[in-house]
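Residue numbers (the UniProt record's numbering): 1 to 326.
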């Protein structure tokens, strides 16, 4: 009944029992509720986190229940505020989608050639070389697979140097996990030494190249890049591609900087892992998205559960949500 407020069934049962007789000890509560001592102590921790019990003035340091009219009403008000804020975001997103859809449809009606298919890797690489050679303002890229290997970097070095000398801004984003990859680190140093920039985020959703915000290259199939790519020059698709890059760039961490933490002491990668776990991703699936092994995911989740004082992932999710980690 009260799971919307963050209470598990055990915590709700214990809260009702403590309300009925606040003076009972843990042993008495265990006898009367059928809960184990460990379940009672865990539920008390949860109730304390939700401000539904508070220290008693008794000498034994017991906890005293907060009136439902006060404690539960406060939790409900917070849930209502969160729901209202989410609804506002949904409405704003709906308006953005409608505007982009209308813009895209209008452009589609006037431009039948807004999408060009580039078949195979050779065609894609040749077109990227042409675009880099003619870039005027900026080259932006998302790189889910990390940096190119040394032979590929050597082949593109001349074009990158020429572009940077012309004043073209080069910005690249790759996955956080590739900070531990020697080739990616070498590429980052190489790029930044030339005057380019590289940043990292926990998850890079798709490969993407944007040149001068007038052309975007996306894979036909992100899971199979050898199939080729699509070249987009319509305002609608370009607006979406540029918005995706700008959003990721705004939260990404520059190479050479320590990974920052937020107000809860979480890195962006840790918060992303919690979100993936809350969405039901397995360790293997989360690892694929983050570019790490399932063993690493298990270790990181164990650390997060310990920091939350949780004994299960369900309890970790509830406590993370209550503390604003999700």
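C-beta atoms are modelled at their ideal positions from N, C-alpha and C, and glycine is treated no differently.
When rounded, the separation of the alpha-carbon atoms in residue 300 and residue 321 is 18 Å. The alpha-carbon of residue 82 is positioned some 16 Å away from that of residue 7. Taking the C-beta atoms as reference points, residue 173 is found no nearer than 8 Å to residue 163. Its chain contains 18, 44, 47, 48, 53, 54, 55 and 56 as the residues whose beta carbon lies nearer than 8 Å to that of residue 63, once the 5 sequence neighbours on both sides are disregarded; these appear in chain order. Among the bridge pairs identified by DSSP, residue 123 is matched with none. Restricting attention to 220, 197, 202 and 236, the CA atom closest to the CA of residue 214 is found in 236. Inclusion of residue 121 and residue 226 in the CB contact set at 8 Å is warranted, their separation being smaller than that value. By the CB criterion at 8 Å, residue 220 and residue 251 fall outside the cutoff.
Inter-residue distance for residue 185 and residue 167 is about 24 Å (C-alpha atoms, whole angstroms). Residue environment for residue 4: exposed (fewer than 16 other C-beta atoms within 10 angstroms of its C-beta). If you draw a straight line from the Cα of residue 76 to the Cα of residue 69, it is about 10 Å long. Residue environment for residue 209: buried (at least 16 other C-beta atoms within 10 angstroms of its C-beta).
For residue 64, the uninterrupted beta strand (DSSP E) segment begins and ends at 63-65. Per DSSP, the unbroken beta strand (DSSP E) holding residue 200 starts and ends at 197-201. Residue nearest to residue 193 within the set 281, 313 and 256 is 256 (criterion: CA-CA distance). Listed as beta-bridge partners of residue 256 by DSSP are no residues whatsoever.
Separation of residue 189 and residue 93 (C-alpha to C-alpha, rounded to the nearest whole angstrom) is 38 Å.
Among the bridge pairs identified by DSSP, residue 55 is matched with 63.
Each of 298, 35 and 273 was checked against the Cα of residue 290, and the nearest Cα belongs to 273. Taking each of 293, 179 and 140 in turn and checking the Cα distance to residue 218, the smallest one comes out for 140. Less than 8 Å separates the beta-carbon of residue 212 from that of residue 138. Cβ contact annotation for residue 276 (same chain, cutoff 6 Å, sequence separation greater than five): 286, in chain order. The C-beta distance from residue 143 to residue 222 rounds to 12 Å, too long to fall under 8 Å, and the pair is not in contact.
Rounded to the nearest whole angstrom, the CA to CA distance from residue 245 to residue 228 is 21 Å. Assigned with DSSP and collapsed to three states, residue 207 falls in coil, not helix or strand. Residue 66 sits away from residue 79, with the two beta carbons spaced by 8 Å or more.
Taking all protein chains in view, the Cβ of residue 90 is surrounded by fewer than 16 other Cβ atoms within 10 Å, so the residue is classified as exposed. Between the alpha carbons of residue 11 and residue 249 lies a distance of about 42 Å.
By the C-beta density criterion, residue 203 is buried, having at least 16 other C-beta atoms within 10 angstroms.
Look at residue 317 here: in three-state DSSP terms it is helix. In the same chain as residue 304, and ignoring 5 residues on each side of it, the C-beta atoms closer than 8 Å to its own belong to 270, 273, 274, 316 and 320, in chain order. Sequence-distant partners of residue 191 (beyond 5 residues in either direction) whose C-beta falls short of 6 Å from its own C-beta, in its chain, are 198. When the Cα atoms are used, residue 134 and residue 280 turn out to be separated by approximately 45 Å.
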